[in-house]
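Visitor:
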Amino acid sequence: MILRSFSLLVLLGLSSLILPSQAAENHPKRIISVGGQITELIYAMGGESMLVGADTSSIYPPEVEALPKVGYQRYLSVEGVLSLRPDMVIGTSAMGPPAVLDQLSRMGVELVLVPDVNDVPSAVERIRYLGRLLGLEAQAERIATDYQTQMQAVLRPDDPQVRHSRLAMFLSYGSGNAMVAGGDTLGGAIINMLGAQNVFADIKGIKAVSAEALLAADPDVVILSQQAVDAFGGLESALSAIPGLDRTRAAQKGQIVVVDLLQLLGFGPRHPEAMQAIMAVIDAQSGTSLDTALR
Amino acid sequence: MNNSSIAEQRQRLTNVQSSWPVLSRRLIWLPLGLVLLAVLMIMALGVGAMAISLFDIFRALFGFLPGISAVDAMTQSVVLEIRLPRVLLAILVGAGLAVSGAAMQGLFRNPLADPGLIGVSAGAALGAASWIVLASSIGLLAWIAEVIGPFGGQFVLALAAFLGGLATTLLVYLITLKAGKMGATATLLLAGIAISALSGAATGLLTYIADDAQLRSITFWSMGSLGGADWRTLTVLMVLVLPAVLALWWLSRALDALLLGEDTAGHMGFDLRVIRPALILLVALIVGSAVGLTGMIGFIGLMAPHIARMMIGPGHRMLIPMSMIVGAVLLLAADSFARTVAAPAEIPIGIVTSLIGGPFFLYLLLSKFR
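First to last, the sequence lines map onto chains A and B. Under our numbering, think of the first position of the first sequence as 8, with each following residue one higher. Under our numbering, think of the first position of the second sequence as 152, with each following residue one higher.
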């Protein structure tokens with residue numbers, strides 16, 4: 008993982024990258040934010056006046072709709088980005104394609120890759136990093152502190168009830184099989200942060216699971232994305248679209264949480280609230296697997 | 152009865168001879184196509200997410216001449232470093248795919264043939280997917296970046312796709328040699344389909360084991376893009392594609408002979424044991440390098456030669472240059488659309504060509520088998 012991030016840094020051309028230590032010097036004035044989590048953080052810090060564009064994954068807060076959209080983060084257009092005359096493009100390792108990034112940096116646009124995040128300390132570090140980058144240190148510090156405090160209040164990773172809870176997170180699903188978050192995904196990281204068990208921890212990436220595998224795993228709590236529920240036009244039809252789910256403990260006891268994906272995976276100011284929603288269902292389990300475990 | 156039918160045939164022959172002026176009238180399509188391409192080039196240079204006036208584009212292009220005042224540096228580099236290479240890349244790739252299509256339709260004597268039939272596209276996709284998934288997994292990417300420098304990775308990706316396309320094509324050809332008893336072209340077709348399906352399965356497997364980031368890289372690669380066009384990519388492609396295109400043109404008489412049937416072509420002195428592999432190799436070279444650098448761009452190789460044939464007839468000496476012009480026009484138009492319709496965002500070029508090509512293919516099917 009470290010190796011891969013490093014290779015990405017090398018790939019992007021070190022000259023065009025701003026490292027955290029140098030970031031404080033000259034703050035950008037015209038920014039394109041590529042990545043919904045980053046856009047949300049920039050708004051939370053009150054840096055939206057610097058934004059001249061965003062990608063299509065930037066959907067929160069609603070005001071972001073008014074910004075010109077540069078398209079999907081992995082399919083940026085050189086001229087499209089340049090037409091907004093940015094002095095900085097802030098994105099994640101998901102930004103691409105590489106040839107376009109190469110051209111952008113050769114045209115004098117500063118590309119900043121914000122490090123990936125997978126737990127509370129790295130989320131706090133990212134908030135502070137963005138603050139330094141934009142010259143909004145004070146606002147960033149307030150958001151970071153709030154985030155830390157709220158997460159500490161919500162998370163109880165050592166609570167036996169939590170530790171014995173077996174979770175499954177469904178990210179997206181179309182026809183047939185449902186796609187679950189494996190151990191090495193951001194969704195998997197969320198379950199780790201909670202301190203619970205991911206029934207699909209052995210799966211790498213986001214994969215489809217069969218009805219039988221879902222029954223064998225038999226999660227206590229199921230996390231669904233608001234986006235998928237909306238796409239199916241309601242919880243009932245979303246649930247019935249996952250083969251085998253209706254026979255799991257989670258479905259039979261109604262232990263299902265629906266969360267907004269950007270809120271849950273964005274690691275921003277709205278993150279603790281989403282974690283709280285999951286914790287509430289974990290706490291409210293009736294006849295939990297804890298009983299089974301203690302018996 | 153018999154006599155009259157011979158007389159009829161004679162009459163028909165005379166008709167063919169007297170249709171020579173018709174042929175030369177058809178030749179007007181060549182200069183007409185070139186003019187259309189030139190106009191389209193100017194239009195393509197004139198549109199884009201950045202608003203640049205035609206006068207400024209002229210100034211950017213010819214700023215080196217005395218008496219023309221220079222434009223600002225930004226406009227200058229957008230025109231010279233972004234739009235011009237991209238326009239030229241669209242022309243080169245469109246022309247290359249079209250010529251390959253014309254050669255394949257000639258070899259298979261079937262207007263529905265496309266360059267993908269010999270396995271080159273599926274192989275290129277497999278090569279690209281292998282590189283994206285396997286190389287980054289074992290840290291090769293970092294090593295390449297150190298050795299070749301930043302962004303060496305994308306050139307190696309193109310190389311991997313190119314080699315994948317070449318390797319599968321070679322495999323298809325070797326199978327044809329081994330199972331040479333059937334009509335060799337039919338075997339070639341079947342082997343191409345089988346190897347394409349196998350490569351597709353292997354690509355599917357790689358897609359399955361890929362992580363989220365790799366998966367999206369593969370997806371976007373397979374949708375194609377001319378987005379990264381710069382003078383380096385253009386030079387590399389030009390060196391690979393232009394000689395191969397000329398060689399295919401040089402083979403037009405053999406392609407003409409093939410239209411009369413393989414046996415006839417043999418009797419006319421064209422050794423198919425040489426011609427067939429030459430055609431396949433040249434097509435694999437053109438399509439492999441184009442697909443490697445730009446990803447999958449469908450339907451140009453099918454549509455362009457067909458349209459060109461309707462304009463200028465089946466003789467390959469004229470059909471090949473006409474296909475080049477039509478292919479260039481089609482891809483340039485499609486790409487200009489792809490990069491401006493949703494500006495400042497851009498939509499994948501493969502989607503645009505398939506949107507035009509799908510209905511066209513259906514039209515071909517329906518009109519052929521009615």
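Just so it is clear, CB atoms sit at the ideal spot from N, CA and C, and this is done for glycine as well.
Using the beta-carbon of each residue, which ones in chain B are nearer than 9 Å to Q110 of chain A?
Guide: Here residue 110 of chain A refers to the residue found at position 103 when the first sequence is read from its first residue. Within chain B, the residues near Q110 of chain A are E232, I233, G378, G379, A380 and D381.
Visitor: Which residues in chain B sit within 7 Å of P104 of chain A, going by Cβ to Cβ distance?
Guide: The residue given as residue 104 of chain A occupies position 97 in the first sequence. Within 7 Å Cβ-Cβ: F371, S376, G378 and G379.
Visitor: S505 of chain B CB to nearest chain A CB: under 8 Å?
Guide: Taking the second sequence and counting its residues from 1, one reaches residue 505 of chain B at position 354. No, S505 of chain B lies away from the interface with chain A (no Cβ there is under 8 Å from its Cβ).
Visitor: Check whether the segment 420-438 of chain B touches the segment 463-483 of chain B, taking contact to mean three or more Cβ pairs, one atom from each stretch, closer than 8 Å.
Guide: Taking 8 Å as the limit for Cβ pairs, the verdict is that the segment 463-483 of chain B does not touch the segment 420-438 of chain B.
Visitor: Whole-angstrom Cβ separation of L269 of chain A and Y67 of chain A, contact assumed at under 8 Å?
Guide: The sequence position of residue 269 of chain A within the first sequence is 262, counting from 1. The sequence position of residue 67 of chain A within the first sequence is 60, counting from 1. Contact flag correct, Cβ pair sits at about 6 Å.
Visitor: How would you label I431 of chain B, buried or exposed, when you count the other beta carbons within 10 angstroms and need 16 or more for buried?
Guide: Counted from its first residue, the second sequence places residue 431 of chain B at position 280. The residue in question, I431 of chain B, is buried, as its Cβ has 16 or more Cβ neighbours within 10 Å.
Visitor: Name the two residues that bound the continuous alpha helix (DSSP H) containing S347 of chain B.
Guide: For this step, residue 347 of chain B is matched to residue 196 along the second sequence. Where S347 of chain B is concerned, the enclosing alpha helix (DSSP H) stretches over A335 to I360.
Visitor: Measuring from the CB of M176 of chain A, is there a heavy atom of the ligand COA at a distance below 7 Å?
Guide: With respect to the ligand COA, the structure offers nothing, as it holds no ligand at all.
Visitor: When DSSP labels each residue in this structure, what does S505 of chain B get in the three-state scheme?
Guide: Indexing the second sequence from 1 puts residue 505 of chain B at position 354. Reduced to three states, the DSSP call for S505 of chain B is helix.
Visitor: V206 of chain A: buried (16+ other C-beta within 10 angstroms of its C-beta) or exposed?
Guide: As a working note, residue 206 of chain A is residue 199 in the first sequence. By the neighbour-count rule (16 or more Cβ atoms within 10 Å), V206 of chain A is buried.
Visitor: Roughly how far, in whole angstroms, is the beta-carbon of M309 of chain B from the beta-carbon of G443 of chain B, given that I think they are within contact range, below 8 Å?
Guide: By 1-based counting over the second sequence, the position of residue 309 of chain B is 158. By 1-based counting over the second sequence, the position of residue 443 of chain B is 292. One point to set straight first is that residue 309 of chain B is Ala, not Met, in the sequence displayed. Right, the Cβ-Cβ distance comes to about 4 Å (below 8 Å), so this counts as a contact.
Visitor: Please classify S28 of chain A as buried or exposed, where buried requires at least 16 neighbouring CB atoms within 10 angstroms.
Guide: Translated into positions along the first sequence, residue 28 of chain A becomes position 21. Residue placement at S28 of chain A is poorly supported in this model, since its pLDDT is 45, which falls under 50; the coordinates still yield a value, given next. The residue is exposed, with fewer than 16 neighbouring Cβ atoms inside 10 Å.
Visitor: Quick check on the burial criterion: 16 or more other C-beta atoms within 10 angstroms. Buried or exposed for I285 of chain A?
Guide: Taking the first sequence and counting its residues from 1, the one referred to as residue 285 of chain A is at position 278. Result: buried.
Visitor: In this structure, how does DSSP classify K211 of chain A when only helix, strand and coil are distinguished?
Guide: Locating residue 211 of chain A in the first sequence gives position 204, counting from the first residue. Reduced to three states, the DSSP call for K211 of chain A is coil.
Visitor: The alpha helix (DSSP H) spanning L423 of chain B covers which residue range?
Guide: Position 272 of the second sequence holds residue 423 of chain B. Element bounds for L423 of chain B: L423 to T445.
Visitor: Applying the criterion that 16 or more other CB atoms from any shown protein chain within 10 Å of the CB defines a buried residue, is W401 of chain B buried or exposed?
Guide: If you number the second sequence from 1, residue 401 of chain B lands on position 250. Exposed: under 16 other Cβ atoms inside 10 Å.
Visitor: Keeping to the same chain, check which residues put their C-beta closer than 6 Å to that of A273 of chain B; ignore five residues upstream and five downstream.
Guide: For the purposes of this step, residue 273 of chain B is taken as the residue at position 122 of the second sequence. Hits under 6 Å: S347, S350 and G351.
Visitor: Please work out which residues of its chain come closer than 6 Å, Cβ to Cβ, to Q365 of chain B, disregarding the five sequence neighbours upstream and downstream, and give them in chain order.
Guide: Here residue 365 of chain B corresponds to residue number 214 of the second sequence, with the count starting at 1. So the qualifying residues of the chain are I283 and V284.
Visitor: Rounded to the nearest angstrom, what separates S376 of chain B and V169 of chain A at their Cα positions?
Guide: Position 225 of the second sequence, counted from the start, is the residue given in the question as residue 376 of chain B. Position 162 of the first sequence, counted from the start, is the residue given in the question as residue 169 of chain A. C-alpha separation (whole angstroms): 47 Å.
Visitor: Find the nearest neighbour of G261 of chain A within the set A:T46, A:E243 and A:G115, judged by alpha-carbon distance.
Guide: Numbered from its first residue, the first sequence carries residue 261 of chain A at position 254. When only C-alpha atoms are compared, the closest one is A:E243.
Visitor: Given a threshold of 16 other Cβ atoms within 10 Å of its Cβ, counted over all protein chains shown, does V492 of chain B qualify as buried or as exposed?
Guide: Reading the second sequence from its first residue, position 341 is the one you call residue 492 of chain B. Exposed.
Visitor: Where does the unbroken beta strand (DSSP E) through E47 of chain A begin, and where does it stop?
Guide: For the purposes of this step, residue 47 of chain A is taken as residue 40 along the first sequence, with counting starting at 1. Premise fails: E47 of chain A lies in the alpha helix (DSSP H), G43 to A51, not in any beta strand (DSSP E).
Visitor: For R37 of chain A, would you say it is in contact with chain B, using Cβ-to-Cβ distances shorter than 8 Å as the test?
Guide: Mapped onto the first sequence, residue 37 of chain A falls at position 30. So no, R37 of chain A is outside the interface.
Visitor: Report, in whole angstroms, the separation of the C-beta atoms of L120 of chain A and G98 of chain A, which I expect to be a contact under 8 Å.
Guide: Looking up residue 120 of chain A in the first sequence gives position 113. Looking up residue 98 of chain A in the first sequence gives position 91. Sure, about 6 Å apart at Cβ, within 8 Å.
Visitor: At a CB distance below 8 Å, what residues from the segment 162-192 of chain A approach chain B? Give them in sequence order.
Guide: Listed in sequence order: D191 and T192.
Visitor: In chain A, what lies closer than 8 Å to D362 of chain B by C-beta?
Guide: Position 211 of the second sequence, counting from 1, holds the residue named residue 362 of chain B. By Cβ distance, chain A contributes D191, K211 and G212.
Visitor: Would you mind telling me which residues of chain A sit closer than 8 Å to M201 of chain B, beta carbon to beta carbon, in chain order?
Guide: Numbered from 1 along the second sequence, position 50 holds the residue referred to as residue 201 of chain B. Within 8 Å Cβ-Cβ: E86, L89 and S90.
Visitor: Put M186 of chain A into one of helix, strand or coil per three-state DSSP.
Guide: By 1-based counting over the first sequence, the position of residue 186 of chain A is 179. Three-state result, M186 of chain A: strand.
Visitor: Spell out whether any CB of chain B is found under 8 Å from the CB atom of Y50 of chain A.
Guide: Taking the first residue of the first sequence as 1, we reach residue 50 of chain A at position 43. No, no contact with chain B.
Visitor: Considering only residues of the same chain and omitting the five flanking positions on each side of I219 of chain B, which have a CB-CB separation below 7 Å?
Guide: The residue labelled residue 219 of chain B in the question sits at position 68 within the second sequence. Excluding positions up to five away in sequence, the list reads R210 and F213.
Visitor: Tell whether a beta-carbon distance below 8 Å holds between V390 of chain B and S251 of chain B.
Guide: Mapped onto the second sequence, residue 390 of chain B falls at position 239. Mapped onto the second sequence, residue 251 of chain B falls at position 100. No.
Visitor: Assign G478 of chain B to one of three DSSP states: helix, strand, or coil.
Guide: Your numbering for residue 478 of chain B matches position 327 in the second sequence. DSSP places G478 of chain B in helix when its eight states are reduced to three.
Visitor: Could you tell me the distance, in whole angstroms, from the CA atom of G184 of chain B to the CA atom of I360 of chain B?
Guide: Walking along the second sequence from the start, residue 184 of chain B turns up at place 33. Walking along the second sequence from the start, residue 360 of chain B turns up at place 209. Those two C-alpha atoms are separated by around 47 Å.
Visitor: Determine which residues share a DSSP beta bridge with S232 of chain A and list them.
Guide: Here residue 232 of chain A refers to the residue found at position 225 of the first sequence. A:V266.
Visitor: Determine whether the beta carbon atoms of M57 of chain A and L89 of chain A lie at a separation below 8 Å.
Guide: Sequence index remark: in the first sequence, residue 57 of chain A carries index 50 (1-based). Sequence index remark: in the first sequence, residue 89 of chain A carries index 82 (1-based). Not closer than 8 Å, so no.
Visitor: What residue range is occupied by the uninterrupted alpha helix (DSSP H) comprising V250 of chain B?
Guide: Here the question's residue 250 of chain B lines up with position 99 in the second sequence. Where V250 of chain B is concerned, the enclosing alpha helix (DSSP H) stretches over L235 to F259.
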